[in-house]
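The structure appears right after this line, and notes come after that.
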Amino acid sequence: LVEYGTLRVYLVSEEGKEVTVFRMHEGELCMISGSCMLSSFPFEVQIDAETETKLYLLPTSAVKKVMEKNIYMENFVYKMMNENLSDIIAAVQKMLFASLEQRIAEFLLDESVRRKSAEIMMTQEQIARSIGSAREAVSRILKQMVKDGSVELFRGGVRILDKKKLYKIL
(Lines of atoms letter the chains of each structure in order from A and count residues from 1; the text may use other names and numbers.)
(Lines give C-alpha, C1' and ligand atoms only; values in the text may rest on other atoms or scores of the structure.)
Protein backbone atom coordinates (compact mmCIF):
# COMPACT_ATOMS: atom_id res chain seq x y z
CA LEU A 1 0.00 0.00 0.00
CA VAL A 2 1.61 3.26 -1.17
CA GLU A 3 1.36 6.18 1.26
CA TYR A 4 3.29 8.47 -1.10
CA GLY A 5 5.67 8.18 -4.02
CA THR A 6 5.77 6.31 -7.31
CA LEU A 7 6.58 2.65 -7.84
CA ARG A 8 7.26 0.99 -11.19
CA VAL A 9 5.87 -2.53 -11.54
CA TYR A 10 7.57 -4.44 -14.34
CA LEU A 11 8.35 -7.82 -15.83
CA VAL A 12 11.84 -9.08 -16.65
CA SER A 13 12.50 -11.62 -19.40
CA GLU A 14 15.10 -14.38 -19.08
CA GLU A 15 17.36 -12.22 -21.28
CA GLY A 16 17.02 -9.32 -18.83
CA LYS A 17 14.68 -7.17 -20.94
CA GLU A 18 12.32 -5.10 -18.79
CA VAL A 19 8.84 -3.85 -19.56
CA THR A 20 6.80 -1.64 -17.28
CA VAL A 21 3.27 -2.94 -16.85
CA PHE A 22 1.98 -0.19 -14.58
CA ARG A 23 2.95 2.38 -11.99
CA MET A 24 1.60 2.73 -8.50
CA HIS A 25 0.97 6.05 -6.81
CA GLU A 26 -0.31 7.40 -3.51
CA GLY A 27 -3.21 5.40 -2.07
CA GLU A 28 -2.85 2.49 -4.48
CA LEU A 29 -2.46 -1.15 -3.59
CA CYS A 30 -0.63 -3.74 -5.69
CA MET A 31 -2.26 -7.13 -5.43
CA ILE A 32 -0.23 -8.69 -8.25
CA SER A 33 2.85 -8.64 -6.03
CA GLY A 34 0.77 -10.54 -3.49
CA SER A 35 -0.51 -13.13 -5.95
CA CYS A 36 0.98 -15.79 -3.73
CA MET A 37 -2.32 -15.46 -1.84
CA LEU A 38 -4.01 -17.25 -4.71
CA SER A 39 -2.43 -20.59 -5.53
CA SER A 40 -4.12 -20.69 -8.93
CA PHE A 41 -2.55 -17.38 -9.97
CA PRO A 42 1.25 -17.63 -9.77
CA PHE A 43 2.72 -14.40 -11.11
CA GLU A 44 6.04 -12.69 -10.52
CA VAL A 45 6.68 -8.99 -10.99
CA GLN A 46 9.49 -6.67 -9.99
CA ILE A 47 8.84 -3.38 -8.21
CA ASP A 48 11.21 -0.39 -8.02
CA ALA A 49 10.70 2.97 -6.34
CA GLU A 50 11.03 5.75 -8.92
CA THR A 51 10.69 8.54 -6.37
CA GLU A 52 11.02 8.82 -2.62
CA THR A 53 8.32 6.46 -1.43
CA LYS A 54 6.69 5.38 1.79
CA LEU A 55 4.74 2.16 1.63
CA TYR A 56 3.32 -0.55 3.81
CA LEU A 57 3.97 -4.22 3.20
CA LEU A 58 0.95 -6.16 4.32
CA PRO A 59 1.60 -9.78 5.34
CA THR A 60 -0.20 -12.23 3.06
CA SER A 61 -1.42 -14.24 6.04
CA ALA A 62 -3.03 -11.17 7.62
CA VAL A 63 -4.75 -10.17 4.38
CA LYS A 64 -5.99 -13.76 3.91
CA LYS A 65 -7.47 -13.81 7.43
CA VAL A 66 -9.30 -10.54 6.88
CA MET A 67 -10.53 -11.74 3.47
CA GLU A 68 -11.93 -14.94 5.01
CA LYS A 69 -13.93 -12.96 7.57
CA ASN A 70 -14.90 -9.90 5.57
CA ILE A 71 -16.63 -10.16 2.18
CA TYR A 72 -15.93 -6.47 1.51
CA MET A 73 -12.19 -7.01 1.88
CA GLU A 74 -12.39 -10.09 -0.35
CA ASN A 75 -14.22 -8.08 -3.02
CA PHE A 76 -11.71 -5.23 -2.68
CA VAL A 77 -8.75 -7.57 -3.12
CA TYR A 78 -10.27 -9.21 -6.20
CA LYS A 79 -11.10 -5.78 -7.65
CA MET A 80 -7.51 -4.60 -7.15
CA MET A 81 -6.13 -7.79 -8.71
CA ASN A 82 -8.47 -7.34 -11.66
CA GLU A 83 -7.32 -3.75 -12.17
CA ASN A 84 -3.64 -4.73 -11.93
CA LEU A 85 -4.13 -7.62 -14.36
CA SER A 86 -6.01 -5.32 -16.77
CA ASP A 87 -3.02 -2.95 -16.71
CA ILE A 88 -0.70 -5.84 -17.54
CA ILE A 89 -2.87 -6.99 -20.44
CA ALA A 90 -3.04 -3.42 -21.79
CA ALA A 91 0.76 -3.14 -21.62
CA VAL A 92 1.18 -6.43 -23.51
CA GLN A 93 -1.36 -5.33 -26.14
CA LYS A 94 0.55 -2.08 -26.67
CA MET A 95 3.80 -3.98 -27.11
CA LEU A 96 2.24 -6.38 -29.60
CA PHE A 97 -0.01 -4.10 -31.63
CA ALA A 98 1.18 -0.48 -31.34
CA SER A 99 4.15 0.91 -33.23
CA LEU A 100 7.11 2.16 -31.24
CA GLU A 101 6.25 5.72 -32.26
CA GLN A 102 2.70 5.26 -30.93
CA ARG A 103 3.96 3.76 -27.67
CA ILE A 104 6.38 6.66 -27.12
CA ALA A 105 3.74 9.29 -27.96
CA GLU A 106 1.22 7.69 -25.60
CA PHE A 107 3.82 7.36 -22.85
CA LEU A 108 4.85 11.02 -23.14
CA LEU A 109 1.24 12.22 -23.12
CA ASP A 110 0.33 10.02 -20.14
CA GLU A 111 3.38 11.14 -18.17
CA SER A 112 2.67 14.77 -18.98
CA VAL A 113 -0.85 14.43 -17.57
CA ARG A 114 0.32 12.48 -14.53
CA ARG A 115 3.10 14.96 -13.75
CA LYS A 116 0.95 17.98 -14.71
CA SER A 117 3.86 19.26 -16.75
CA ALA A 118 5.04 19.33 -20.34
CA GLU A 119 8.48 18.35 -19.04
CA ILE A 120 9.09 14.66 -18.46
CA MET A 121 12.20 14.31 -16.34
CA MET A 122 13.24 10.86 -17.55
CA THR A 123 16.24 9.74 -19.53
CA GLN A 124 15.82 7.97 -22.85
CA GLU A 125 16.97 4.80 -21.10
CA GLN A 126 14.20 5.15 -18.50
CA ILE A 127 11.61 5.77 -21.22
CA ALA A 128 12.86 2.72 -23.13
CA ARG A 129 12.59 0.52 -20.02
CA SER A 130 9.12 1.86 -19.33
CA ILE A 131 7.80 0.89 -22.74
CA GLY A 132 9.86 -2.27 -23.22
CA SER A 133 12.17 -1.11 -25.97
CA ALA A 134 15.83 -0.45 -26.64
CA ARG A 135 17.26 2.98 -25.81
CA GLU A 136 18.68 3.30 -29.33
CA ALA A 137 15.25 2.78 -30.90
CA VAL A 138 13.63 5.27 -28.52
CA SER A 139 16.38 7.79 -29.27
CA ARG A 140 15.78 7.41 -33.02
CA ILE A 141 12.02 8.01 -32.68
CA LEU A 142 12.51 10.97 -30.30
CA LYS A 143 14.90 12.57 -32.82
CA GLN A 144 12.17 12.23 -35.48
CA MET A 145 9.71 13.86 -33.08
CA VAL A 146 12.18 16.72 -32.56
CA LYS A 147 12.37 17.23 -36.35
CA ASP A 148 8.58 17.42 -36.65
CA GLY A 149 8.41 19.91 -33.77
CA SER A 150 6.38 17.83 -31.32
CA VAL A 151 9.07 17.52 -28.62
CA GLU A 152 12.33 19.01 -27.48
CA LEU A 153 15.09 16.97 -25.86
CA PHE A 154 17.26 18.19 -23.04
CA ARG A 155 19.69 16.50 -20.68
CA GLY A 156 17.70 14.07 -18.55
CA GLY A 157 14.33 14.76 -20.11
CA VAL A 158 11.83 15.51 -22.84
CA ARG A 159 9.64 18.60 -23.22
CA ILE A 160 6.39 18.30 -25.13
CA LEU A 161 6.01 21.24 -27.52
CA ASP A 162 2.93 20.19 -29.49
CA LYS A 163 0.45 17.72 -27.94
CA LYS A 164 -1.73 17.78 -31.06
CA LYS A 165 1.10 16.28 -33.13
CA LEU A 166 1.56 13.52 -30.53
CA TYR A 167 -2.18 12.79 -30.49
CA LYS A 168 -2.10 12.48 -34.32
CA ILE A 169 0.46 9.70 -33.96
CA LEU A 170 -2.00 7.77 -31.81
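For reference, each letter of the sequence shown is one residue, going 976 to 1145 in our numbering.
In this text, a Cβ means the ideal position worked out from N, Cα and C, and glycines have one as well.
Since this is a predicted model, take the numbers as computed values, not measurements.
So is M1096 buried or exposed if we call it buried at 16+ other beta carbons inside 10 Å?
Exposed, by the Cβ-count rule.
If we count the other Cβ atoms within 10 Å of its Cβ and call it buried at 16 or more, is G1107 buried or exposed?
Here G1107 is buried. Its C-beta has 16 or more other C-beta atoms within 10 Å.
Out of curiosity, what's the CA-to-CA distance linking L1033 and D1023?
The alpha-carbon atoms of L1033 and D1023 are separated by roughly 17 Å.
Rounded C-alpha distance that separates G1131 from V1020:
Spanning the alpha carbons of G1131 and V1020 requires a straight line of approximately 27 Å.
Could you tell me the alpha carbon to alpha carbon distance between S1125 and S988, rounded to whole angstroms?
The alpha-carbon separation between S1125 and S988 amounts to approximately 32 Å.
Could you tell me the distance, in whole angstroms, from the CA atom of V1041 to the CA atom of M1048?
Each residue's Cα considered, the two are about 7 Å apart.
Give the single residue among R1090, A1065 and Y1142 whose Cα lies nearest to the Cα of V994.
For the residues R1090, A1065 and Y1142, the minimum Cα distance to V994 belongs to A1065.
So, helix, strand or coil for L1020, using DSSP?
In the sequence on display, residue 1020 carries Val and not Leu. DSSP, reduced to helix, strand and coil, places V1020 outside both helices and strands of the structure shown, so it counts as coil.
State buried or exposed for N1045, treating a residue as buried only when at least 16 other CB atoms are found within 10 Å of its CB.
In summary, N1045 is exposed, with fewer than 16 beta-carbon neighbours lying within 10 Å of its beta-carbon over all protein chains present.
Let me make sure I understand the geometry here. Which of R998, T1098, S1105 and F1082 has the alpha-carbon closest to that of K992?
Ranked by Cα distance from K992, the options R998, T1098, S1105 and F1082 are led by S1105.
Buried versus exposed, by CB contacts within 10 Å (16 or more), L1145:
It counts as exposed.
Hey, could you find the ends of the beta strand (DSSP E) L982 is sitting in?
Membership of L982 in the beta strand (DSSP E) is indicated by the continuous run L982 to V987.
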